[in-house]
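Notes to accompany the following structure.
Number of protein chains: 2
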Amino acid sequence: MRNIKLTIEYDGTRYSGWQRLGDSDKTIQGKIENILTQMTGTKTEIIGSGRTDAGTHARGQIANFKTSAATSLPEMLEFLNRYLPRDIVIKKVEEVPERFHARYNATGKKYSYYIWNAGVPSAFERNYSFHYSDELDFELMNAACLKLIGTHDFIGFSSLKKTKKSTTRTIDELSIQKEGDMLHFTFVGNGFLYKMVRIIMGTLLEIGSGTMDIETIDEIFERKVRSDAGMTVPSQGLFLDEVYY
Amino acid sequence: MRNIKLTIEYDGTRYSGWQRLGDSDKTIQGKIENILTQMTGTKTEIIGSGRTDAGTHARGQIANFKTSAATSLPEMLEFLNRYLPRDIVIKKVEEVPERFHARYNATGKKYSYYIWNAGVPSAFERNYSFHYSDELDFELMNAACLKLIGTHDFIGFSSLKKTKKSTTRTIDELSIQKEGDMLHFTFVGNGFLYKMVRIIMGTLLEIGSGTMDIETIDEIFERKVRSDAGMTVPSQGLFLDEVYY
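Protein chains in written order, with UniProt numbering: chain A, 1 to 245; chain B, 1 to 245.
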């Protein structure tokens, strides 16, 4: 069997997320599997590097699938982009060793989160950022980022239930760039718990706007209680940029 | 009567263009007039700086309206952005002298047109650019821009019927910037005829891809025949950036 790796870009606005739900076709996985099944003539399932929530976007989601079809890689790329909806684009199709597994082999991920930090909203960024008009203290937020970088038990920054699996993760980069009225937050780490990026974002915003003390971060690491952390910011500001292997 | 000037940003994707069509509410003008009528309690009409076609966007469309309502400017801004659909945003509300007329007083306009110049399309730019994958010769296109800058009769680059009104316009700036896979064309001039930007764009693409000689531009100025020029590129790559007064 051939093992094919896909690099996928999608605008998540119209979808209920990555993961296929029964026969529903409102998911990214479902849409791609339907077209692959047409292409190969055999029911084909894909393995994603991980899920993304409803409304969340991807610039570099990775998935793989096994097939015995003889279709060439350029033909696959052409077929997929011809029949997929225009808000899902296959950027790259590669043949990989049979043992490659998009989820198990992932060693890290990069996410972006965008805040539209202006009084008046943006007509173009409405589905790609969170409109937050409060004034933000960048010095405080940068200091908070430094506290979050490193290896910690992030269970307090997740909506996971208690679990026997390790909830320790390492954040290698957490930085803020100001691009006009847009704030671009970059997260790089070896893995992220369920809703972890969005809850960290909510915590950073509460610290930046002065409604939460920066020391609360230490308390969340110690007490491991989700309700100590900030709000979960909306999914539409979140982009899965890259998966590392 | 007070005279109020609006600076408007809109994502034209869902609309049939700027200009109100009867009681239809699929137009930008219609949407804004409906909310203004609610706000003032009196049927209110707005004057735009000019029309934009279905699917065309604006970052800085200008309109004005007369009203005897006492509503303050910040209240107007708040009311409009609260009740308008999220793809139409009022960026600024200003009180202007009674003689100000958004169309008659405009002395120039700035437009952008975007070409997604890559083999594979973009999920995010699909409604904001024209996907054109042919390789383009920038030296030739820049030389063509230089020929177009200046004062000319642009009737051959328009889908206007013959008219008694002058079809002479001055283009002050026509430049190309490459931003990754995106090409950004900037047009600044004292006025643009119907579909002029999109027909000039089609002509530049045909010159850049080698299917049209650069000398054809001189012929179009001389013969003044629309069919000599290039295709009309799609409306979704076009943005009205600014109106000058």
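Even for Gly, the Cβ is constructed at its ideal location relative to N, Cα and C.
- With respect to the 8 Å criterion, B/Lys147 and B/Ile220 are not classified as neighbours on the basis of their beta carbons.
- Along the segment 96-127 of chain B, going in chain order, the ones with a CB nearer than 8 Å to a CB of chain A are Val120, Pro121, Ser122, Ala123, Phe124 and Arg126.
- Annotation: B/Met39 to B/Phe79 spans about 7 Å, alpha carbon to alpha carbon.
- Rounded to whole angstroms, the separation of the alpha carbons of B/Glu94 and B/Arg82 is 18 Å.
- Bridge partners of A/Phe154 according to DSSP: none are assigned.
- Residues of chain A with a Cβ closer than 9 Å to the Cβ of B/Arg86 are, in chain order, Pro121, Ala123, Arg126 and Asn127.
- Residues Ile220, Phe221, Arg223, Lys224, Val225, Arg226, Asp228 and Ala229 of the same chain have their beta carbon placed closer than 8 Å to that of A/Gly156, with the five preceding and five following residues left out of the count.
- A/Phe138 counts as exposed, since fewer than 16 other beta carbons sit within 10 angstroms of its beta carbon.
- For A/Ala144 against A/Ile207, the beta-carbon gap comes to about 5 Å, under 8 Å, which counts as contact.
- By the 16-neighbour rule on beta-carbons within 10 angstroms, A/Thr168 is exposed.
- Nearest to A/Tyr114 by C-alpha distance, out of A/Gln29, A/Ile199, A/Ile176 and A/Met196, is A/Ile176.
- DSSP lists A/Thr186 and A/Phe239 as the bridge partner or partners of A/Ser112.
- Scanning A/Thr170, A/Lys162, A/Pro234 and A/Ile28 for the CA closest to the CA of B/Ala123 turns up A/Ile28.
- Scanning chain A for C-beta atoms nearer than 9 Å to the C-beta of B/Asn81 yields Val120 and Pro121, reported in chain order.
- For A/Phe221, the secondary structure class from DSSP, reduced to helix, strand or coil, is helix.
- Residue pairing from DSSP places B/Glu173 in a beta bridge opposite B/Val188.
- Looking from the CA of A/Leu238, the closest CA among A/Met231, A/Thr186 and A/Leu136 belongs to A/Thr186.
- Sorting A/Asn127, A/Arg99, A/Met182 and A/Thr42 by C-alpha distance to the C-alpha of A/Glu135 places A/Met182 at the top.
- In the three-state DSSP reduction, A/Tyr15 falls in the coil class, being neither helix nor strand.
- In the structure shown, B/Ile8 adopts extended strand secondary structure according to DSSP, grouped into three states.
- By the criterion of a C-beta distance shorter than 7 Å, B/Val197 is surrounded in its chain by Tyr111, Tyr113, Phe187 and Leu238, once the five residues flanking it on both sides are discounted.
- In the displayed model, A/Thr168 falls within a strand according to three-state DSSP.
- In the structure shown, B/Thr37 adopts helical secondary structure according to DSSP, grouped into three states.
- The beta carbon of B/Met76 sits closer than 6 Å to the beta carbons of Val93 from its chain, once the five residues preceding and following it are set aside; these are given in chain order.
- Straight across, the Cα-Cα distance linking B/His131 with A/Ile88 is about 15 Å.
- Between A/Tyr104 and A/Arg86, the alpha-carbon positions lie close to 29 Å from each other.
- Note on B/Pro121: 16 or more other CB atoms within 10 angstroms of its CB, so buried under the neighbour-count rule.
- At a C-beta separation below 9 Å, A/Asp153 has no neighbours in chain B, since its nearest C-beta there lies roughly 35 Å away.
- The beta-carbon of B/Glu135 is placed no less than 8 Å from the nearest beta-carbon of chain A.
- In the three-state reduction of the DSSP assignment, A/Val89 falls in the strand class, which pools E and B.
- In the structure shown, B/Tyr244 falls within a strand segment according to DSSP collapsed to helix, strand and coil.
- A straight-line Cα-Cα distance of about 28 Å links A/Lys109 and B/Asn127.
- Judged by DSSP in its simplified three-state form, A/Glu179 adopts strand.
- Against chain B, the beta carbon of A/Lys91 has neighbours under 8 Å at Val120, listed in chain order.
- Under the Cβ criterion of 8 Å, B/Asp11 is counted among the residues facing chain A.
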